[in-house]
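Numbering (our numbering), first residue to last: 1033 to 1866.
Quick reminder that beta carbons are idealized off the backbone N, C-alpha and C, glycines included.
Computed from a predicted structure; not experimentally measured.
Worksheet: the structure to be examined is printed underneath.
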RNA sequence: GCCCGGAUGGUGAAACUGGUAGACACAAGGGACUUAAAAUCCCUCGAUCAUUACGAUCGUGCCGGUUCGACUCCGGCUCCGGGCACCA
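Okay, structure coming up:
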């Protein structure tokens, strides 16, 4: 062993019961920054496999909070482990720097949001560095910089060319306090996701991106995401909300108009007894023109739907329009009603009502005394609709030529009938709507469009990009200062040269965060959004880590954007793949007293205070040890103390090196210790490979530390085994507590910094034991333990078990029925009274 | 209503493909060292019964099943958390 070279410089001050976290950490952070060990090689000749580890980038809100700390410590542990495993690791960081809080702060402090943002970035960068996170800072990006958002603008103009970005007047969600529109995804329970104010419906001209064109792909490709939590995949599937059915055209009696509806149950078409349309439906609006009672009702509907938070419990109300629709098959006239539960924004804003087979239609029909016609029955033919709707699939009755068909078959047959008579067709309907990307805000990426009276909305030509956001404007609340900034707004039309106006809206900040993972790969490119070769080398992200709160919003948009970039030819989709994140880890929240830490509740812990008191290694160790990564973590001061105690205990293990290697070799104990060492390597490695169970990995290392502590060093071989154990421990601790490990590694005379060492390998020979303790069970209950050779056969084991007094007394008066030997584990004896 | 999770000591949790339930920690209690404290070290720590030892019985939300053997698999529930929802 390398005992000869071992310089135990540590020994001189062994009265130091505590290690000096502050000095050690600063020392190593300086050293790492100088040696550039966190910068991956971008050299094609590098033989190592590449690995891209990414954590969700922070919004520069001012200070790091514990949620950040947890997120970044998890990512750092992964990145460091992979490096030690021999991967060439890309681990970048940056700032999601546009957004509303900067504007709010600007109003409060009467300084432009840029100042606040850049100051916060500086502050938080310092905090991240103090945590000793192994980022490649040379790739740092801030989304509010023109060199970043110019590519987003470029992309948007390309999407306009392709018809994937468009402007339209639409009923949108408006938040008054935030003074802007919101995407559907940003409305939670009818309220703004940021300020929790109920949103108002407004008709406004806005920019959209056609995410619905990608609905099917976004859904299909979910199957590729086996490395994602099922929960997140399910949430996305739910959000996209695919339903298959048919679109059916009803004609309107005494009119040229057509009433189109979507249904998932064309098999119940023959049971239609009335129609229901939304209050905003053209047919309803027209009918109300000379019906004041109806007009009043429509108005009531439009106000209620936005005010009422709990829409689901709202009373179902309706009113007849006095108009009839003609059934496409029977030609019968059925009344058209307006109903407050029909949504204008989904499907066609109209539904066919089959009260016999739909709960909601049933209630409505009962309330307003409308006909109920049963057209489906069960296998036994006795389904009853006198008390409630029969909503299951079944067999058709009262359906003329379709009688006797089963629901599944009937759906196809009826849809086909409609199609061939030009009265309908098969149809897939998604819940997902197009992504509303314009915001009436200042602190965001300017939308690269110029409005010309003659040419309309013209995309800013590539040569004129970026459209730079003036950073010196002062928001005062109310509308965006950009909308009043003449110097920004007044330009010539790029097409005709006439005086024109720039678009004053900016992009939703989710635009920036939708492609940053790919930008890191070519972070400094001035010639392209991403470099195709670099993309091939690094994308997709191997491991993405962040909060589950982004399960729909950010993760859906990023998946979408990746596909857009692929289809734009920015990289080879065959080689890079269609999904941006291969594996996803959604970490739990950091709680205090059972609730999420938040300033308003006053239950926060300042990371800087913890670092100052214990050092960042302790903070890192605690956040990783206290709970499995995906679970919520309850902050416990005593737990932090415990983590710190552990590090000091390891520190003190070095005192044992000072003892001279005297006495006889203890062959048995050396073998046992070496076995423990290699079992630990096995356990820790498995924990890393198996869902990043860092809590388990650390527990195993604590066990090893305990074994080393109680190990009685005897003889040269004893000392060698002890040193081997220390080396393994220090090496394996380094992804968690890198500074501490490096310092310990130096004491141990490592040839490299501990964080650059190779991950230890299991010595299979050390695991082998000649004698094992075999558990003896009677009827599956543990009754004793016997020492046997590792290869013991069943007969010998049974003989030894019978000879064991603890076991023997359970065998008295019993006949052995069956014996099961599980090699290396146990012997189970099945008996019955003799 | 639909879709996902989850339920193990006082607490956070562990248990790889069914094989010694509670590793590792926190808290608590006791002890050693100390003039004292801090720090450190040692012991106890699922429940019940028993005891001079040895021990025994029960125990992973509830009920049932499969198995030599179930925290783990199957069927049926209960409760808790998360997501979606007058979605046609």
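Sequence-distant partners of residue 1216 (beyond 5 residues in either direction) whose C-beta falls short of 6 Å from its own C-beta, in its chain, are 1465. 1372 is the residue among 1842, 1568, 1372, 1494 whose C-alpha sits nearest the C-alpha of residue 1329. In the structure shown, residue 1859 falls within a strand segment according to DSSP collapsed to helix, strand and coil. In the three-state reduction of the DSSP assignment, residue 1565 falls in the helix class, which pools H, G and I. Between the stretch 1658-1673 and the stretch 1112-1121 there are fewer than three inter-stretch CB-CB distances shorter than 8 Å, so the stretches are not counted as touching. Of the residues assessed, residue 1207 falls on the buried side of the cut-off, its CB having 16 or more other CB atoms within 10 angstroms. In the structure shown, residue 1373 falls within a coil segment according to DSSP collapsed to helix, strand and coil. As DSSP reads the structure, residue 1483 sits in a beta bridge with 1489, 1533. Counting along the chain, the unbroken alpha helix (DSSP H) around residue 1606 starts and ends at 1605-1608. Non-local C-beta neighbours of residue 1163 in its own chain, meaning closer than 6 Å and more than five positions away in sequence, comprise 1648, ordered along the chain. Under the DSSP assignment, residue 1139 falls in the alpha helix (DSSP H) whose first and last residues are 1132-1141. Under the criterion of beta carbons closer than 8 Å, residue 1099 and residue 1561 do not qualify as touching, at roughly 30 Å. Note that the C-beta distance between residue 1829 and residue 1845 is not below 8 Å.
Residues 1256, 1571, 1572 of the same chain have their beta carbon placed closer than 8 Å to that of residue 1609, with the five preceding and five following residues left out of the count. Between residue 1060 and residue 1774, the beta carbon gap of about 5 Å places them in contact (Cβ cut-off 8 Å).
Of all alpha-carbon atoms in 1293, 1127, 1140, the one lying nearest the alpha-carbon of residue 1091 is that of 1127. The count of Cβ pairs closer than 8 Å, one atom from the stretch 1780-1797 and one from the stretch 1810-1818, stays below three, leaving the stretches out of contact. Classified as buried, residue 1764 has 16 or more neighbouring CB atoms from the shown chains inside 10 Å of its CB. By the Cβ criterion, the stretch 1804-1813 is not in contact with the stretch 1715-1728, since fewer than three pairs of Cβ atoms, one from each stretch, lie closer than 8 Å. The three-state reading of DSSP puts residue 1707 in helix, counting H, G and I together.
Here residue 1482 really is in contact with residue 1532; their C-beta atoms are around 5 Å apart, less than 8 Å. A straight-line Cα-Cα distance of about 20 Å links residue 1297 and residue 1290. Pairing residue 1383 with residue 1368 gives a Cβ-Cβ distance that is not under 8 Å. In terms of CA proximity to residue 1782, 1760 leads the group 1248, 1760, 1301. Boundaries cannot be given for residue 1227, as no beta strand (DSSP E) includes it and DSSP labels it neither H nor E. Linking residue 1226 to residue 1133 through their CA atoms gives a straight-line distance of about 10 Å.
Each of 1357, 1077, 1068, 1547 was checked against the Cα of residue 1168, and the nearest Cα belongs to 1068. DSSP, read as helix, strand or coil, puts residue 1368 in strand. When C-alpha distances from residue 1171 are compared across 1145, 1204, 1080, 1073, the shortest belongs to 1073. Residue 1300 and residue 1452 have their C-alpha atoms spaced approximately 18 Å apart. For residue 1241, the pairing in a beta bridge is given by DSSP as 1197, 1467. Around the C-beta of residue 1152, 16 or more other C-beta atoms lie within 10 Å, and the residue is accordingly described as buried.
Residue 1467 is positioned such that its CB atom lies no closer than 8 Å to that of residue 1131. Excluding the 5 residues flanking it on each side, residue 1417 has same chain C-beta neighbours closer than 7 Å at 1388, 1404, 1406, in chain order. Contact between residue 1705 and residue 1743 holds: CB atoms are separated by about 5 Å, below the 8 Å threshold.
Counting C-beta atoms within 10 angstroms of its own C-beta, residue 1556 has fewer than 16 neighbours from the protein chains shown and is therefore classed as exposed.
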